[in-house]
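Protein sequences, first through last, are from chains A and B. Each residue of the first sequence is one higher than the one before, starting from 1 at the first, in the working numbering. Each residue of the second sequence is one higher than the one before, starting from 1 at the first, in the working numbering. Note that beta-carbon positions come from the ideal geometry of N, C-alpha and C, so glycine has one too. Values in this document were obtained by computation on a predicted structure and should not be read as measured data. Accompanying notes for the structure given below.
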Amino acid sequence: MTELEQALVALGREVEFPPTPDLAGAVRARIDRRARARRWLVLALAVLVVGIGIAMAVPDARSAILRFFHVGSVKVERVDTLPAAREAPLTAGLGTPRTRAEAERRAGFRMILPKFKGAPPSRYYALNGLIATVIRSGSTPLLLTELRGDQAWLGKKIVDPQTKVEGVSVGSHGGLFLSGGRHVLMYQISPSDVGQLFPRFAGNVLLWTARDRTFRLEGEVSRDEALRLGRLITG
Amino acid sequence: MHAYQGIAFRTAYLIAGGATEAEDAAQEGFVKAWRALGRFRPGAPFKPWLLRIVANEAHNRRRSAGRRARLAFRAAAAEPSGDAAPSPEASVLDSERRTELLAAVNGLPEDQRLVVALRYFAGLSEDEVAETLGIAPGTVKSRTSRALERLREAYD
Chain A
1 MTELEQALVA
11 LGREVEFPPT
21 PDLAGAVRAR
31 IDRRARARRW
41 LVLALAVLVV
51 GIGIAMAVPD
61 ARSAILRFFH
71 VGSVKVERVD
81 TLPAAREAPL
91 TAGLGTPRTR
101 AEAERRAGFR
111 MILPKFKGAP
121 PSRYYALNGL
131 IATVIRSGST
141 PLLLTELRGD
151 QAWLGKKIVD
161 PQTKVEGVSV
171 GSHGGLFLSG
181 GRHVLMYQIS
191 PSDVGQLFPR
201 FAGNVLLWTA
211 RDRTFRLEGE
221 VSRDEALRLG
231 RLITG
Chain B
1 MHAYQGIAFR
11 TAYLIAGGAT
21 EAEDAAQEGF
31 VKAWRALGRF
41 RPGAPFKPWL
51 LRIVANEAHN
61 RRRSAGRRAR
71 LAFRAAAAEP
81 SGDAAPSPEA
91 SVLDSERRTE
101 LLAAVNGLPE
111 DQRLVVALRY
121 FAGLSEDEVA
131 ETLGIAPGTV
141 KSRTSRALER
151 LREAYD
């Protein structure tokens, strides 16, 4: 670097920039606002579809309607072609396993867990605003993830046209159940590096929101069993 | 997101020319990036991809506002305390020369000024500047070279 370039770098440290505003809240509000607007659009489209006759093109209409969903901190997007992804263990990309106390410290909140007949899980995974552990339904492992509500974009699921997306009720809470087809999960690998998205194929997934959090239960699980577990967790 | 909001805002400010426009552009850039995440190529560098989106938003706002950022010194930097020991950076330039140099940067043609500001003030690499502005790395080099030539007159 020449002396002039060094001088420019030094100059840059003395140049006035307005203080950086905290953008996260505003970005989340914009995303939520558009999601709400989209939901109204979805409703309007649904009414329109009914009005012009269900027999006309229900599959196409459904496809159009199910283009986007937001469930708390997770966005579900239906696409024709999935991004590159690979099969990987449920906990792939979540970092090293920790004790529950360590994970909760790192995530910044306490995890809500169902009551276990036997010993509770011993391994937990955490990012800032996210905590996860593997629970079991019989012998089937399921990844339970909780995301703090103020995380604007921690997770994203991309689903192919064959994936079934159903609206469900987990107790008194609303959610979605994704099954069949192929779907890809992407999330921040660490809060300081949004760029390192880790794409992997995911199993059936129940997503729901309760108590200012987004819950995600993933694995080879039926809809009814996922809903039962969901009710055990958040009531 | 927190990791990138500073550089996103500064980039938007350098392009849009005002704090309000920069904040709006950065917010909209993040929203659009979120919506476009499915098109992001895993493994590719995220920062320039995000900054390109923010820069496009900032360009739109600058066009509508018709202005450019006129860079100035921070108050503390403009009037350094006589008691304080100069930092290594500050010692590179005395007060008069840095004032002239900043004026020269402000006087550069817009395409050169942006490249210089992003490269040296915002700390982006040449490749990142190219991606952010949507131009070829060779163009970044040539614009930088022309800009440095002009600035050298003010500096020497």
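- Against chain B, the CB of Thr-20 (chain A) has a partner CB under 8 Å away; the residue lies at that interface.
- At a C-beta separation below 7 Å, Leu-94 (chain A) has no neighbours in chain B, since its nearest C-beta there lies roughly 16 Å away.
- By the Cβ neighbour-count rule, Gln-162 (chain A) is exposed, with fewer than 16 other Cβ atoms within 10 Å of its own.
- The closest CA to that of Gly-108 (chain A), considering only A:Arg-100, A:Gly-180, A:Thr-96, is found on A:Arg-100.
- When 7 Å is used as the limit between beta carbons, Ile-31 (chain A) is near these residues of chain B: Val-31, Trp-34, in chain order.
- When the five nearest sequence neighbours on each side are left out, the beta carbons in the same chain lying within less than 8 Å of the beta carbon of Arg-62 (chain B) are those of Ile-15, Ala-16, Gly-17, Glu-21, Arg-68, in order along the chain.
- Here Thr-11 (chain B) is buried, its C-beta having at least 16 other C-beta atoms within 10 Å.
- With a threshold of 8 Å between beta carbons, Gly-12 (chain A) makes contact with chain B.
- Boundaries for Tyr-120 (chain B): no beta strand (DSSP E) harbours it, and the DSSP string shows neither H nor E there.
- Residue state for Glu-218 (chain A) is assigned as strand, using DSSP reduced to three classes.
- When C-beta distances to chain A are compared with 9 Å, the residues of the stretch 109-137 of chain B below that value are Val-116, Ala-117, Arg-119, Tyr-120, Phe-121, Ala-122, Gly-123, in chain order.
- In the DSSP annotation of this structure, the continuous segment of the alpha helix (DSSP H) that includes Arg-98 (chain B) starts and ends at 95-106.
- CA-CA distance, Met-1 (chain A) to Ala-3 (chain B), rounds to 27 Å.
- Restricting attention to A:Phe-215, A:Leu-178, A:Val-170, the CA atom closest to the CA of Leu-227 (chain A) is found in A:Val-170.
- In the three-state reduction of the DSSP assignment, Pro-48 (chain B) falls in the helix class.
- Contact with chain B is absent for Leu-178 (chain A), since none of that chain's Cβ atoms lies less than 8 Å from the residue's Cβ.
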